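Asker:
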Amino acid sequence: MNYIKRTIENELKRRIKQSPVCALIGPRQCGKSTIAKKILKTFKKSIYLDLERPSDLQKLNDAEWFFTSQRENFFCIDEIQRKPEIFPLIRSLVDEWNCTSKFLLLGSASRDLLKQSSETLAGRISYVHLTPFLWKEVQNTYSLEHYIERGGFPRSILKSDANTSVRWREDFISTFLERDLLQWSGFSNKTMQRLWQMLAHLNGQTVNSSLLGNSLGVSNVTIRNYIDLLEGTFMIEILPPYMSNLGKRLVKAPKVYIADSGISGALLDIKNFKSLTSHPVIGSVWEQIVLSNLKGHFPEAKYFFYRTSAGAEIDIVMTLHNKVFAIECKASSAPALTKGTYNAIADIKPLRTFVVAPIQRGWQLQEFIECVSMNELISKLGKMV
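Residue numbers are given in my numbering: position 53 of the sequence shown equals residue 47, and the series is strictly consecutive.
(1) Hey, which unbroken runs of the alpha helix (DSSP H) at 4 residues or more fall wholly within the region 26 to 60?
(2) Can you tell me whether DSSP reads THR227 as helix, strand or coil?
(3) Would you be able to state if there are at least three C-beta pairs under 8 Å between the region 187 to 207 and the region 242 to 258?
(4) Taking the Cβ atom as the reference point for each residue, do CYS16 and TYR42 lie within a distance shorter than 8 Å?
(5) Please determine, among ILE342, GLU281, SER213 and SER286, the residue with the shortest C-alpha to C-alpha distance to LEU244.
(6) Whose C-alpha, out of VAL318, VAL279 and ALA340, is nearest the C-alpha of GLU143?
(7) For the alpha helix (DSSP H) that GLY259 lies in, which residues bound it at each end?
(8) Which same chain residues end up closer than 7 Å to LYS153 when comparing Cβ atoms and leaving out the 5 residues on each side of it in sequence?
(9) Can you have a look at GLU361 and say buried or exposed, based on whether 16 or more other CB atoms are within 10 angstroms of its CB?
(10) For VAL399, count neighbouring Cβ atoms within 10 angstroms of its own Cβ and tell me buried if that reaches 16, exposed if not.
(11) From which residue to which residue does the alpha helix (DSSP H) around ALA194 run?
(12) Whether or not the region 336 to 351 and the region 308 to 326 are in contact is what I'm after, with contact meaning three or more pairs of Cβ atoms, one per stretch, closer than 8 Å; do they touch?
(13) Looking at the structure shown, is PHE348 part of a helix, part of a strand, or coil, going by DSSP?
(14) Pick helix, strand or coil for PHE362, following the three-state DSSP scheme.
(15) My guess is that PRO78 and LEU124 are in contact by the Cβ rule of under 8 Å, so how many angstroms apart are they, rounded?
(16) Provide the residue(s) that pair with PRO235 in DSSP beta bridges, ordered along the chain.
(17) Just checking my contact of ILE(-2) with GLU131 at CB under 8 Å: how many whole Å lie between their CB atoms?
(18) DSSP state of TYR121, grouped into three classes?
(19) Just to confirm my understanding: we take SER150, look at its own chain, exclude 5 residues before and 5 after, and list those with CB closer than 7 Å. What are they?
(20) Of all the options SER179, ASN157, GLY180 and MET186, which has the alpha carbon lying nearest to the alpha carbon of LEU171?
(21) What three-state label does DSSP hand ALA17 in the structure shown?
(22) How should GLY20 be labelled, buried or exposed, when 16 other C-beta atoms within 10 angstroms of its C-beta is the threshold for buried?
(23) Can you check which of these residues, TRP190, CYS323, GLY117 and LEU261, is closest to THR94 by C-alpha distance?
(24) Between ALA194 and LEU288, which are expected to be in contact by the criterion C-beta below 8 Å, what is the C-beta distance as a whole number of angstroms?
(25) Is it buried or exposed for LEU6, if we count other Cβ within 10 angstroms and need 16 for buried?
(26) Report the partner residues of GLY101 according to the DSSP bridge assignment.
(27) Which whole-angstrom value describes the C-beta separation of LYS11 and LEU18, a residue pair presumed to lie in contact below a C-beta threshold of 8 Å?
(28) Check whether the Cβ atoms of SER49 and GLN75 lie closer than 8 Å to each other.
(29) On the three-state DSSP scale, how would you describe GLU66?
(30) Check for me: the alpha helix (DSSP H) holding PHE391 runs from which residue to which?
(31) I need the straight-line Cα distance from ILE196 to GLU139, nearest angstrom please.
(32) Let me check understanding here. Comparing Cα to Cα, which of TYR300, THR227 and ALA325 lies closest to PRO274?
(33) Among ILE339, TRP190, LYS268 and PHE299, which one has its Cα closest to the Cα of MET237?
(34) Could you give the DSSP three-state label for ILE142: helix, strand or coil?
(35) Helix, strand or coil for ASP106, going by three-state DSSP, please let me know.
(36) With distances taken between CB atoms, is the gap from ILE217 to LEU189 smaller than 8 Å?
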């Protein structure tokens, strides 16, 4: 299989050149190691360590000696969250060496979970977030239906047949529950599995921790901790409400999305695109796909949803450079807006409203309101920000 260039690749190279330490974070199996190994080839001397491999982990038993004896190398350390105690050492070394491009850290945990790095490497580390494949990265190889069905994880979307892809996603879920959770204390894999499946059924909806806790027989505090872990390991995406000074009664609970359409299908036992399109979650799955692609192309933006108790609603509100955009997601080739959407547009007064649908080419709905494809959305926003 040929290498598929990632949208973030040039930005990652730039950050590596500018910072002594660069951290590439994202979910497991999203392609971090692949892009890192490609970049390592551009260095004359480099060392790659995978901390899930016992032999590589053993090399860091005396990490200070290992690094200092080979300081001419560029170091790439994969699955860094498995040995966070070396962050203070890395800080000390980069201060002593006083140069850029020394460490690339790969992690399957968010910046918030990697607290040691943010505390000890402040001012020395640059974070880059790699997502599963964006639509633009695979559109020349696969159909949009294929992308929606299998999601963006490379080993899911690149499988030669559908059944093998489904099995990979099921194994991915099992591995996360039975092995990856062991890194974090205080979590039950059975409770997490049930919560994850419940969130898949509630995909794109606001979540009530107390109700979920009652259903699972645990406290709402426990539910919040579990949700924080799922978010911190990139398994779900949290979309907070857009708060404005309009005097409106706003829905204040966040919306929760399963972070990949293929994983959503596996959690819900949906085997193919046809079954997905007839399932009630198809609308929220499309919302998640749009949201993930927006975050992949515009990581510096902030994202919200807008909903009032009176029924005014916008799926995604994107703010960037003091500009506000309203983005409504419709899993239909003939999308139509509701009165609630028009009321929300009147409330938040966005610079432009985009209705994103699984289509090839869009059209103008009204002044400042356009129906667009995914590619058109990314292109038009790129020109406006």
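Glycine included, every Cβ here is placed at the ideal spot set by N, Cα and C. The structure presented is a predicted model; accordingly, all values stated were derived computationally and were not measured.
Answerer: A quick look at the data gives this:
(1) 26 to 34 and 48 to 53
(2) Numbered from 1 along the sequence shown, position 233 holds the residue referred to as residue 227. Three-state DSSP puts THR227 in coil, outside helix and strand.
(3) yes
(4) On the sequence shown, residue 16 is found 22 positions in, with the first residue counted as 1. On the sequence shown, residue 42 is found 48 positions in, with the first residue counted as 1. Result no, Cβ atoms of CYS16 and TYR42 do not sit closer than 8 Å.
(5) Walking along the sequence shown from the start, residue 244 turns up at place 250. Out of ILE342, GLU281, SER213 and SER286, ILE342 has the C-alpha closest to the C-alpha of LEU244.
(6) Here residue 143 refers to the residue found at position 149 of the sequence shown. Ranking VAL318, VAL279 and ALA340 by Cα distance to GLU143 puts VAL279 first.
(7) By 1-based counting over the sequence shown, the position of residue 259 is 265. Looking at the DSSP string, the run of the alpha helix (DSSP H) that includes GLY259 is 255 to 261.
(8) Position 159 of the sequence shown, counting from 1, holds the residue named residue 153. If we look at LYS153 and ignore the five residues flanking it on each side, its Cβ neighbours are SER159 and TRP162.
(9) Mapped onto the sequence shown, residue 361 falls at position 367. So GLU361 ends up on the exposed side.
(10) As shown, the chain starts at -5 and ends at 379. That puts residue 399 outside it, with no answer to give.
(11) Here the question's residue 194 lines up with position 200 in the sequence shown. ALA194 -> alpha helix (DSSP H) spans 183 to 195.
(12) yes
(13) Working through the sequence shown from its first residue, we reach residue 348 at position 354. Correct three-state label for PHE348: strand.
(14) Along the sequence shown, one-based indexing puts residue 362 at 368. Correct three-state label for PHE362: coil.
(15) The residue labelled residue 78 in the question sits at position 84 within the sequence shown. The residue labelled residue 124 in the question sits at position 130 within the sequence shown. At roughly 20 Å, the Cβ-Cβ gap does not stay under 8 Å, so PRO78 and LEU124 are not in contact.
(16) The residue you call residue 235 lines up with position 241 of the sequence shown. Partner(s): PHE299.
(17) Residue numbering aside, residue -2 sits at position 4 when the sequence shown is read from its first letter. Residue numbering aside, residue 131 sits at position 137 when the sequence shown is read from its first letter. Rounded, the Cβ-Cβ distance is 6 Å, consistent with contact.
(18) Here residue 121 refers to the residue found at position 127 when the sequence shown is read from its first residue. TYR121 falls in the strand class under three-state DSSP.
(19) For the purposes of this step, residue 150 is identified with residue 156 of the sequence shown, where counting begins at 1. The residues are ARG144, SER159, TRP162, ARG163 and GLY256.
(20) Your numbering for residue 171 matches position 177 in the sequence shown. It is MET186 whose Cα lies nearest to the Cα of LEU171.
(21) The residue you call residue 17 lines up with position 23 of the sequence shown. Residue state, collapsed to three classes: strand.
(22) In the sequence shown, the residue the question calls residue 20 occupies position 26. By the neighbour-count rule (16 or more Cβ atoms within 10 Å), GLY20 is buried.
(23) Your numbering for residue 94 matches position 100 in the sequence shown. Measuring from the Cα of THR94, the nearest candidate turns out to be GLY117.
(24) For the purposes of this step, residue 194 is taken as residue 200 along the sequence shown, with counting starting at 1. For the purposes of this step, residue 288 is taken as residue 294 along the sequence shown, with counting starting at 1. Contact flag wrong, Cβ pair sits at about 21 Å.
(25) The residue labelled residue 6 in the question sits at position 12 within the sequence shown. Under this definition LEU6 is a buried residue.
(26) Along the sequence shown, one-based indexing puts residue 101 at 107. Bridge partners of GLY101: ILE19.
(27) Numbered from 1 along the sequence shown, position 17 holds the residue referred to as residue 11. Numbered from 1 along the sequence shown, position 24 holds the residue referred to as residue 18. Not quite, the Cβ-Cβ distance comes to about 14 Å (not below 8 Å), so this is no contact.
(28) Working through the sequence shown from its first residue, we reach residue 49 at position 55. Working through the sequence shown from its first residue, we reach residue 75 at position 81. The answer is no: Cβ separation not under 8 Å.
(29) As a first step, residue 66 is located in the sequence shown; it is residue number 72 there, counting from the start. If DSSP states are grouped into helix, strand and coil, GLU66 belongs with coil.
(30) Since the first and last residues shown for the chain are -5 and 379, residue 391 lies out of range.
(31) As a working mapping, residue 196 is identified with position 202 in the sequence shown. As a working mapping, residue 139 is identified with position 145 in the sequence shown. Residue identity differs from the one stated: residue 196 is Leu in this sequence, not Ile. Straight-line Cα distance between these residues: approximately 22 Å.
(32) For the purposes of this step, residue 274 is identified with residue 280 of the sequence shown, where counting begins at 1. When each option's Cα is compared against that of PRO274, the closest is ALA325.
(33) Along the sequence shown, one-based indexing puts residue 237 at 243. Residue PHE299 is the option with its Cα nearest to MET237.
(34) Walking along the sequence shown from the start, residue 142 turns up at place 148. If DSSP states are grouped into helix, strand and coil, ILE142 belongs with the helices.
(35) Translated into the one-based positions of the sequence shown, residue 106 becomes position 112. Three-state result, ASP106: coil.
(36) Here residue 217 refers to the residue found at position 223 when the sequence shown is read from its first residue. Here residue 189 refers to the residue found at position 195 when the sequence shown is read from its first residue. Result yes, Cβ atoms of ILE217 and LEU189 sit closer than 8 Å.
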